[in-house]
Every structure is written in C-alpha cells, then in structure tokens.
C-alpha cells in the first residue's frame, strides 16, 4: 500500500473518531397507546445527535403489519425488513439529530404488545432504545365512556345584562355584563373559555371588585376602583378555567357601605336586559369549555421527579374544569386486566381536584415490572396523559474528607432517588438512609457505629459522624444504605483515621518580667477534652500542672498568668499533652523571659514568598535590631548568631530600625526563593549601641509562617445595596499566578451558596470578585437575572485559597494551610428621596430629582407622572453622585393636579415587562397581588402632588417637598396605596400564540429488495469517506 494511501486512511480514522465522539441517545414514542384491533399505530424514533453511521434494529411485536415509513434530519437512511425486524442504516454528517417515523397495523387479537430495539453508532457500543415500549389493543366497547354533556338552553346569546343594587343608598352599585349567553331558568350567564369576560362597574366613590370561583371559594381576581370602571378580562390569561364564578362588589360612599353579589339575589334590587326586566335569582357566570363536551383536564405530578422508586407512592393531582367526573387508565408493563385497581376507574372531583395515589409496590406485587407507565385521564370527549417510570433505588455517597483524626467529625453526604422521609410519597414513613462504619472490612463483627438519616425533599441526605477517641487508627469503610421497606441500595466510601493533632500556637514566644500571658493552641480533639500544660511554674505564678479545655472551634487556652518579676532571663520549655488509652499526643515550645522594655506587633503571622510583613512596636531605645533563625528568609535580616552569648553588632550586621518618639515601624520582605515553613524572628532593643546580649537585652520573638501563597489585601467588610451587584478586589501574594486559585461561598439570612471558583489571579496577584444581587435556590449560586433578591442583613463571605494541580477536576486541588479568610457582608435597603416642585407653569419642564444611595449606572428606577387623562413613564439611570433626574414636558398636559410616583423595582418585574408600571405604578408592595407581578420587593415613593398652572403662585420662598425615604420590603410597613382613577386600564395578559410546527419534507424512502444487512461495516467506511470529502470541501 502506498504511503499516501496509508496517510489517507489514518486521517479518515481520526476524523471518524472525532465525528462519533459525541454521546447519542435514541428514544421511542408510540401513538396512540390504546388502539382498536386492526387500527394503525405510529412509532417515532428520535436521535438527539447524528453520526457518520448508525444502525438501528427495531423489533415490531408479532401480529403487527408494517405499513410505511419516513425520515428527516439525516443525509440518508435506508430500511431493510426481515419479518418483524426493521433495520435502519443511517448516514449523516450534519450532527443535528434525526427522526424516523414508521406506521404499523395492529392485529385482531386484544392484549398488550411490546416493542423493543437497539442502536449502534459507528465506533460505539450497542445500546437499548429508551422511551415508550408498549401498546394496548382493545375493542372499542372497552374504551372510556364520555361524560354526558350538560344540556342548557340559552334564551339570549351575546346579550348585555345589568344588575342594579340600591339596597344601601347612596352607595349604589351597578354591574353590567356584556356578550353573555343568558339562561334565566337556571340563572346562568355564560361565556366560553378563551373569550374575554367583559363587564362594567359603576359606583359613586371607592369600591373593591372581586371574581370568586364558586366551586372552590377562591378569589381569582380583585381590584380597587373609584367611580366607573370598564373591565375586559382574558379568561386564559387570568386562569379563569371552566367553572362557575360570581362577581362581588363592596362599595362605600360618605360613610355608607353596600355589598353586591351576583350569586345572591338578596344583594341587588333588579336585573334587566335593556328595558326588559329579568327574573331575580342567584346568578352565576359560567365559563364553558371552548368545545362542547371537552372540559379542561390537567394532571399534576406531585412527586419531584417522574422516576418513582419501586415501593414509593406516585401521587397525582387531577384537575377537571367544566365537568365533575372522569376516568383514569394506568397502562404499562403490568397486566391491568388481572389487577385493575388503577385501570378504568371513575372518580369525582371536589373543588376541581382529585388526588390519585398509585402504590408502586401493589403494581409490582401483582406481576408488574419496572419501566414506563402512562396515566391517562378521560372526561367527556377530552383526555390528557402523563408518563412516569417505576425504577430501582440508586444512591451516591461522599465524605467531606478522606483522612480524619480521631475525635473529629466527618460529614457524610449523598443523594438518592428514594422519596423524602415522611413525605406523601413515603408509603410507610420508613424511607431512610442507614450509615454504618466498619473497621477495615465490611463484616458484622467489624461494625463500630450505625446511624439513621432522613432523606430530604431534593433526595439529599447528610450526617456528621464522629470518629471516637477510643477507636483504632487505620482504614474505615463507610456504607450508606437507602431503603423504603421494599427495595434497598448501598454505596461505600473509605476513610483513613489518624491520631489527634495537638499544636501550641502563640503570637509571641517572649515575655517580659511581670507581663501577663496565656498558653494557647489548636487541636483536632473534640470540645471538652483536657489538655495538660506543664513547665509554667518555672518562670511564672502558674501551678506545676495547668488544665486547658478544648472549645467548640478546636482551640484551647489557659487562664492568664504573670511572669515572675525575678524570673531568670532565660529560655523555658512548656509542654502541652493529651494522653489516651491507646496513644499520646503532645507539643512543646520554648518561651523566653526578657526585660520589659519592648513591645512588637505584626499585621499577619502568615506570609507568602515575596510578600511583606509589617512590624509595629514601642520601646525606649533609639534603635532596634532584627534577626531571624535563618538568614535566607527575609531581605536584609541576618541569622541570630548566638542565643545565649553576647555579640558585637558590627560583626553580625542585620536589619536595624530607628525609633521615633518611642515608636517604630518597618516591613520584612520575604525572599522569593525562601523555603516554606515557620521561622522565629528576634527583635532586640539592646541597652548598648554596639552589642547585643540575647540573655539580658529586651527582645520579642515572633513566629512567622512562610507559605507559597497567602492573602495580601482583602477588604475588611463589604456593603451591598439590595438589588445591585457589588464588585471588589482581593490581592494574593504568590510567586506564580497559575499555582493558586481562589474560591468563595456566601452564607447568611437563610441562604448558602455552593463554593464558587474564581480561578487564578492575574499577573499582579489580583482577583476581582463580583457578588450578584439575586439567589438561585435550585443551583445555590448568585445570579444577575432577577429572581430571589438577597434579603437585607448580615452575611459571611468565606474566601479560600487552593493549590492548583493543573487538572480539569478542581476537586484534586489542595487547600492552602491558613489560606482562608472571612469577610462580613451587609445587604442594606436602597434609600430614595424625591424632590418635586409643588407647582409648575404649563409649558415649563417638570423636573423630578431623585437622590439615592445606589451606585452609578443603576437603572431600575422608574418615574411615573399620573395626570387626569394619561400616565407617563420614564426610566432613569443613577449618576456618579447618586442622583438622577426625570424631565416631563408640560405643553400637552391639562391644567390641574398631577401625581408623581418613583418606583425602584430592584430589576424584578414580571417577564421584564416595564409596561406593567403604566397600570400598577401605585401598587403597594405589601399587597398579595404584588408578588404575582414581582412588585413585592419594590421601593415605592409617592404619590407626590404637583399642580400644572397657568401662572405660578407668588411665594417669597418656595417650600421644598419633604424628603421621603421609604424602605419597602415584603415585611415592611406598607406604603399607602394611592387612589386609582377611572382612566386606569387593567393589564391584559395576552394569550400565548402557539408557533406552528415547521414541517420537514419527507424524503421518498428507498425500497430494499434484499434480506439482512450485509456489508454494514464496508458501507459505513464508504459513508465515512463521503463525510471526510464533504468536510474538506466545506473547509475549502
């Protein structure tokens, strides 16, 4: 074979591997799922991702007859049929997915029939086709019996009917319904679902209008009005589904009140159509199904997932609007002719609803199998269905650490598809996860602990388990087993247990005679354990043995003691010890007693290579000298030559700092090539100007840890204005930006984000962090899109540094020791003040000035000007000084009083539709309806009245409008709701217009004469060559 041919085949192989690398799935849908004998069934196979080549083998149930087939979305698909086996060979390079549809005719024999099949993409393994797999052949006589359609004779169609209520004058009420069909025998005023409910209400002053569902008693619509109001309500947009409704009006005028109820004949005086008086009665507004005999059916799965674990309950809420009864049919891989508890069952709705509970255990105990099940509901001529799946239990488990020290706790977390403990889907209330801990191997005799954990609503579970101090060190197996009393599944993790950690950690290791001090440290031991401290009595007033107790944070410290005034100026060894039956852990430090003439503090005890540490101190000498235990760590700082012998400074030169007014300040720069570790730094205030006596001279010993990376600059606190993002910078000391990354998480006020990775710092070691103002509860992240606004209050932001290992999976990264810091974050309410003139001359501009604590660029503040005839709206953007201005031209405005409203929406308007403000500009955020429009978290200022006049009223000194600084939140005191005017038009939510499905031309299928599929591999190789040629041509 020539070299060129060999290279060509290699290129072909590489391209084929690249094209077929994407994962693919093929799913099957069957329509209908119940068919009469000899009826036709349409089967659709859908592939999510195409391939250069794929072979699909579909087994049609015995007795079914193949009719025809089509395909679209692929370059070429051929069919070969062998008996009841259909083999589709796919050639495609578009990578956009494809669809195969074939039609078969059902046999005469009734029963349940099953389709099965596999698919094999080129270069991948054979997989089963998922989706629906069964169809029921059933005589028409056994099909659902439609509910009889209610027969009502309407005397008038498209009529206008007026109700007059003068029972409590002068608060009279007049309600007129338009375009309704009237049945005076049954007191029915009818419209069709999908039409508009049109009516007017006329009252002398204020009134509240409500529409109430008589089936449920729910108030489905309410609005406050003044005077006359024309309503045109979209039944679909307002969710006025087929049912019986009434209109209620509560009016007031001059202290008098009056109530009208369409459904209460005693609440009104008369009803008439034009001049014709109609009989009084308890009328209803009947919203009929759009098509006679076809009520609206909704099936709502209450389970959080469509996958129901065997043994759990599948719960559905069936809603029917326009009928009182229905039938349900559950089909799937079980024999419903033998077990028909869930098949062909009649039910009656109450308040439009019926709760159906399906016990999966009953189905499986009666011969059912796991797989896809379809619940079909029929009422009248309408039907609806939903698919769910009975599946086996699954569980995953993780531990928050793979190595633990005895006495510490490990958080065991995981998730399962088994239903929440004690929920409506937990059949016997025993859905639990049992966590068992074994030493070395999973055998009964090696189990050391066991605990039960509840399953949360989202399927998660977690529990902290303590590795007790009397356990052995070594390997432990943790087994998490989930069970619902019918099925179970377990998963395991391995953890290594080590001895407890004990470490004395002091800010300074030198103390002056007479100085107070305490010994403190950290440990992995649990709270309450005793740490024995010895050696303090040699130089202080402490007893020979001192007991310190571990606190809840893993810290310990002694009481305060005082260095003896006559203590020898020397070094003393102090020990901290914990002794258990199986092991002992201890640590020790050397404490030096010095003269009390020097005090030194550092800004941090952990610093990165190349970073700096700031020292501040007080002393009575003119110059202090700084040494370290190593001369290769800090710039200009030499190693201490002797610990107990005086030496001449000029013989061992080091960093010196002049003292001014008994104070001094300096910085220690860590060398970029210094080795990591903890180093002692000695600061001397010698009595002599030319020599140092380490024994007798005043000195401070500092412990400084040098790491590869560390925080250099972080903000002390962060303030966020509610609804607006905040950005800040963090600086990291690191020799290279690619060896470290920064992550953070925010918690507080009932929220807790997952850890967010900000990646590596820039070349200057800076990371910019952006805290967004909304919280995504499902993904536990902050987002910029309007959602749940962060509530006012305090939060904690934890920053964590990690060493990066260069892998894609950041879980492999290691935490930087002492590489975390917390920052308080306060979310505060926006503050708004508004300045509006009391008068403006017609023709002059009306200026509305807004001042706020918002940052520059914020643009979710709207200014609304309400005149007697029209509403004007402007959106303003906050400037650099925190203010904004809206200017309204007054040439076309009528003389009289106008009202100004200012509304900060926090960016959360329903559907981002700012036109809603034209109608609901004055909606109180505390109103229940406000939440539907996402107005509940707004800040509202107004109304502020301004008069449009011919000439300004002469005044010596104009009085500015008082500043309003409301803080309107869902729990705050409601802002007074301004009186709506008759001109305001309610928002009409448009009915979504379905987009017609785009039809793909169906290619003429190729008829194959031969049986079987010879040469599939060779065919696909040729197809691959065609794909390569096509790809190369596109590149050209």
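Numbering (full-length UniProt numbering), first residue to last: 1 to 1036.
Glycine included, each C-beta is placed from N, C-alpha and C at the ideal position.
In this text the structure is predicted, and so the values were computed from the model without any measurement.
_Same chain, Cβ closer than 8 Å to residue 631, neighbours up to 5 away in sequence not counted_ = Position 631 of the chain shown, counted from the first residue, corresponds to residue 631. Taking residue 631 as the centre and dropping the five residues before and after it, the same chain places the C-beta of 637, 638 and 639 closer than 8 Å to its C-beta, in chain order.
*Identify the continuous beta strand (DSSP E) that holds residue 270 and give its terminal residues.*
For the purposes of this step, residue 270 is identified with residue 270 of the chain shown, where counting begins at 1. Note, residue 270: beta strand (DSSP E), 270-273.
*With a 10 Å radius around its C-beta and 16 neighbouring C-beta atoms as the bar for buried, classify residue 405 as buried or exposed.*
What you label residue 405 is simply residue 405 of the chain shown in a count that begins at 1. Its Cβ being crowded by 16 or more others within 10 Å, residue 405 is buried.
*Cβ atoms of residue 159 and residue 179: under 9 Å apart, would you say?*
Taking the chain shown and counting its residues from 1, the one referred to as residue 179 is at position 179. Taking the chain shown and counting its residues from 1, the one referred to as residue 159 is at position 159. The Cβ atoms of residue 179 and residue 159 lie closer than 9 Å to each other.
*Grouping DSSP H, G and I as helix and E and B as strand, with all else coil, what is residue 812?*
For the purposes of this step, residue 812 is identified with residue 812 of the chain shown, where counting begins at 1. Residue state, collapsed to three classes: helix.
*Kindly indicate which three-state DSSP category residue 928 falls into: helix, strand or coil?*
Within the chain shown, residue 928 is the residue found at index 928, counting from 1. Looking at residue 928 - three-state DSSP - the assignment turns out to be helix.
*asked:* Is the separation between the beta-carbon of residue 685 and that of residue 782 shorter than 9 Å?
replied: Working through the chain shown from its first residue, we reach residue 685 at position 685. Working through the chain shown from its first residue, we reach residue 782 at position 782. Their beta carbons are not under 9 Å apart, which means residue 685 does not touch residue 782 by this criterion.
*Hey, residue 613 and residue 667: beta-carbon distance below 9 Å or not?*
Your numbering for residue 613 matches position 613 in the chain shown. Your numbering for residue 667 matches position 667 in the chain shown. With a cutoff of 9 Å on beta-carbon distance, residue 613 and residue 667 are scored as near each other.
*Around the C-beta of residue 492, are 16 or more other C-beta atoms found within 10 angstroms, so that it is buried, or is it exposed?*
Against the chain shown, residue 492 aligns to sequence position 492. Exposed.
*Using DSSP with H/G/I as helix, E/B as strand and the rest coil, what is residue 739?*
Here residue 739 corresponds to residue number 739 of the chain shown, with the count starting at 1. If DSSP states are grouped into helix, strand and coil, residue 739 belongs with the helices.
*Contact check, residue 904 vs residue 881, beta carbons under 9 Å*: By 1-based counting over the chain shown, the position of residue 904 is 904. By 1-based counting over the chain shown, the position of residue 881 is 881. No. Outside cutoff.
*asked:* Report the start-end ranges of each beta strand (DSSP E) in the region 311-367 that is 3 residues or longer and not cut off at the edges.
replied: Complete beta strand (DSSP E) runs here, min 3: 313-321, 325-331, 343-348 and 353-359.
*Nearest CA to the CA of residue 736: which residue from 255, 942 and 708?*
The residue labelled residue 736 in the question sits at position 736 within the chain shown. Here the closest residue by C-alpha is 708.
*Host alpha helix (DSSP H) of residue 920 (start-end)*: One-based indexing of the chain shown puts residue 920 at position 920. 917-920 is the span of the alpha helix (DSSP H), which, as asked, contains residue 920.
*How about residue 368 and residue 487: do their beta carbons lie closer than 9 Å?*
As a first step, residue 368 is located in the chain shown; it is residue number 368 there, counting from the start. As a first step, residue 487 is located in the chain shown; it is residue number 487 there, counting from the start. No, the pair does not count as a contact, with Cβ atoms beyond the cut-off.
*Is it true that the region 116-133 meets the region 25-44, where meeting means three or more beta-carbon pairs spaced less than 8 Å apart?*
yes
*Which residue or residues does DSSP assign as beta-bridge partners of residue 68?*
To locate residue 68, count along the chain shown from 1; it is residue 68. Looking at the DSSP assignment, residue 68 forms a beta bridge with 103.
*Write down every uninterrupted run of the beta strand (DSSP E) in the region 517-590 whose length is 3 residues or greater and which is fully enclosed by it, in chain order.*
520-523, 530-534, 545-549, 555-557 and 571-579
*asked:* Mapping the DSSP letters down to three states, classify residue 445 as helix, strand or coil.
replied: Residue 445 sits at position 445 when you count from the first residue of the chain shown. Residue state, collapsed to three classes: helix.
*Under the rule that 16 or more other beta-carbon atoms within 10 Å means buried, what is residue 933, buried or exposed?*
For this step, residue 933 is matched to residue 933 along the chain shown. Per the 10 Å Cβ criterion, buried.
*Thinking just about the alpha-carbon of each residue, which of 248, 218, 885 and 223 is nearest to the one in residue 174?*
Counting from 1 along the chain shown, the entry for residue 174 is found at position 174. Out of 248, 218, 885 and 223, 248 has the C-alpha closest to the C-alpha of residue 174.
*Excluding the five sequence neighbours on either side, which residues of its own chain have a C-beta within less than 8 Å of the C-beta of residue 518, listed in chain order?*
Reading the chain shown from its first residue, position 518 is the one you call residue 518. Counting only Cβ-Cβ distances below 8 Å, and skipping sequence neighbours, we find 557, 558, 559, 560 and 561.
*asked:* Going by DSSP in three states, residue 650 sits in which element: helix, strand or coil?
replied: What you label residue 650 is simply residue 650 of the chain shown in a count that begins at 1. Residue 650 falls in the helix class under three-state DSSP.
*In the DSSP assignment, what are the bridge partners of residue 678?*
Numbered from its first residue, the chain shown carries residue 678 at position 678. Its beta-bridge partners are 705.
_Coil, strand or helix - residue 914 by DSSP_ = Against the chain shown, residue 914 aligns to sequence position 914. Three-state DSSP puts residue 914 in a helix.
*Curious, which full-length beta strand (DSSP E) runs of at least 3 residues does the region 839-906 contain?*
839-841, 846-852, 861-866, 871-876, 883-888 and 896-904
*Are at least three pairs of beta-carbons, each pair with one atom in the region 298-310 and one in the region 199-209, less than 8 Å apart?*
no
*Whole angstroms is fine: what's the gap from residue 706's alpha carbon to residue 582's?*
The residue given as residue 706 occupies position 706 in the chain shown. The residue given as residue 582 occupies position 582 in the chain shown. Cα atoms of residue 706 and residue 582: separation of roughly 34 Å, rounded to the nearest angstrom.
*Between residue 169 and residue 214, what straight-line distance do the alpha-carbon atoms span, to the nearest angstrom?*
Residue numbering aside, residue 169 sits at position 169 when the chain shown is read from its first letter. Residue numbering aside, residue 214 sits at position 214 when the chain shown is read from its first letter. Their backbone Cα atoms lie some 28 Å apart in a straight line.
*Specify the secondary structure class of residue 267 as computed by DSSP and reduced to three states.*
Position 267 of the chain shown, counted from the first residue, corresponds to residue 267. In the three-state reduction of the DSSP assignment, residue 267 falls in the helix class.
*asked:* Among the candidates 796, 799 and 885, whose CA atom is the shortest distance from the CA of residue 837?
replied: In the chain shown, the residue the question calls residue 837 occupies position 837. Out of 796, 799 and 885, 885 has the C-alpha closest to the C-alpha of residue 837.
*Length of the line joining the Cα atoms of residue 828 and residue 797*: Numbered from 1 along the chain shown, position 828 holds the residue referred to as residue 828. Numbered from 1 along the chain shown, position 797 holds the residue referred to as residue 797. One C-alpha to the other measures close to 16 Å.
*Would you mind listing the beta strand (DSSP E) stretches within the region 424-508 that are 3+ residues and don't spill past its ends, in chain order?*
432-439, 447-454, 460-466, 474-483, 488-498 and 502-504
_At least 3 beta-carbon pairs within less than 8 Å: the region 349-365 vs the region 449-465_ = no
_Segment limits, beta strand (DSSP E) that includes residue 405_ = Numbered from 1 along the chain shown, position 405 holds the residue referred to as residue 405. Counting along the chain, the beta strand (DSSP E) containing residue 405 begins and ends at 403-405.
*Give a yes or no on whether 9 Å exceeds the smallest Cβ distance from residue 53 to chain C.*
No chain C is present in this structure, which holds just one protein chain.
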